Amino acid sequence: MAIENYMPDFAIEAVYDLTVESLKKHGIKAVLVDLDNTLIAWNNPDGTPEMKQWLHDVRDAGIRIIVVSNNTKKRVKRAVEKFEIDYVCWSMKPFTWGIDRALKEYHFEKNEVVMVGDQLMTDIRAAHRAGIRSILVKPLVEHDSFKTQINRARERRVLKKMTKKYGPIVYKKGI
């Protein structure tokens with residue numbers, strides 16, 4: 001396993017730290033974003049005022065937000081429909097199926113999008129495989145759903161190797 005496959009292009013505190021200016025500076029026209037613990041806390045489906053403001057600002061600037069989630073259609077639709085966000089469910093990350101579908105369905109080129117997520121093993125790995133830029137964020141809440149806890153155990157081992165080779169990941173306030 002090459003740890004470089006899990007190395008994010010950027011690391012920021014939270015998805016809400018992505019400013020319209022920085023996205024435009026990097027030529028990003030669409031933000032592909034993981035749902036649970038990235039856009040919303042997995043145990044708080046209504047989101048926060050901060051999240052709602054970020055969605056508003058980014059969309060007003062003409063940048064598309066597309067949730068790319070491994071969750072079921074029922075779960076994703078329920079979480080995002082009130083915010084009027086496009087989504088791809090059953091995305092099968094770390095495979096590229098969901099990212100590829102989003103690019104094709106919404107007509108974006110690989111250099112125009114970025115994948116934002118809180119997991120190296122799924123979100124960042126899928127972005128690398130798909131040939132797009134990736135942004136790692138800190139999880140919104142520290143405790144995960146059971147399914148995610150398994151990935152976190154593997155992730156800790158990868159992070160340990162990554163830190164040994166490259167130093168710790170430094171989370172910034174923007175890209």
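So the sequence shown is numbered by the UniProt record's numbering: it starts at 1 and just counts up by one. For every residue, glycine included, the Cβ atom is placed at its ideal position computed from N, Cα and C. The structure displayed is predicted, hence computed values, not measured ones.
Thinking C-alpha only, which one of Phe95, Ile175, Thr19 is nearest Ile63? Here the question's residue 63 lines up with position 63 in the sequence shown. Selected option, being the one with the closest Cα: Thr19.
Where does Lys138 fall in DSSP's three states? Translated into positions along the sequence shown, residue 138 becomes position 138. DSSP places Lys138 in coil when its eight states are reduced to three.
Three-state secondary structure (DSSP) of Ile40: Here the question's residue 40 lines up with position 40 in the sequence shown. If DSSP states are grouped into helix, strand and coil, Ile40 belongs with the strands.
Trp90 to Thr163 span [Cα, whole Å]: Counting from one through the sequence shown, the residue named residue 90 turns up at place 90. Counting from one through the sequence shown, the residue named residue 163 turns up at place 163. For Trp90 and Thr163, the distance between alpha carbons rounds to 31 Å.
Do the stretch 83-100 and the stretch 11-28 meet, that is, are 3 or more Cβ pairs less than 8 Å apart? no
One question on the structure: do Ile85 and Ala127 come within less than 8 Å of each other, judged by their Cβ atoms? The count along the sequence shown starts at 1 and reaches residue 85 at position 85. The count along the sequence shown starts at 1 and reaches residue 127 at position 127. Contact: no.
Cβ-Cβ separation, Ile169 to Ile135 (assumed contact under 8 Å), whole Å: One-based indexing of the sequence shown puts residue 135 at position 135. One-based indexing of the sequence shown puts residue 169 at position 169. That pair is no contact at about 11 Å.
Measure from the alpha carbon of Lys104 to the alpha carbon of each residue in Tyr171, Ala79, Gly117, Tyr87, then state which is nearest. As a first step, residue 104 is located in the sequence shown; it is residue number 104 there, counting from the start. If we check each option's Cα against that of Lys104, Tyr87 comes out closest.
Could you name the residues that DSSP lists as bridge partners for Ile66? Taking the first residue of the sequence shown as 1, we reach residue 66 at position 66. For Ile66, which the question treats as bridged, DSSP gives the partners Leu32, Asp86.
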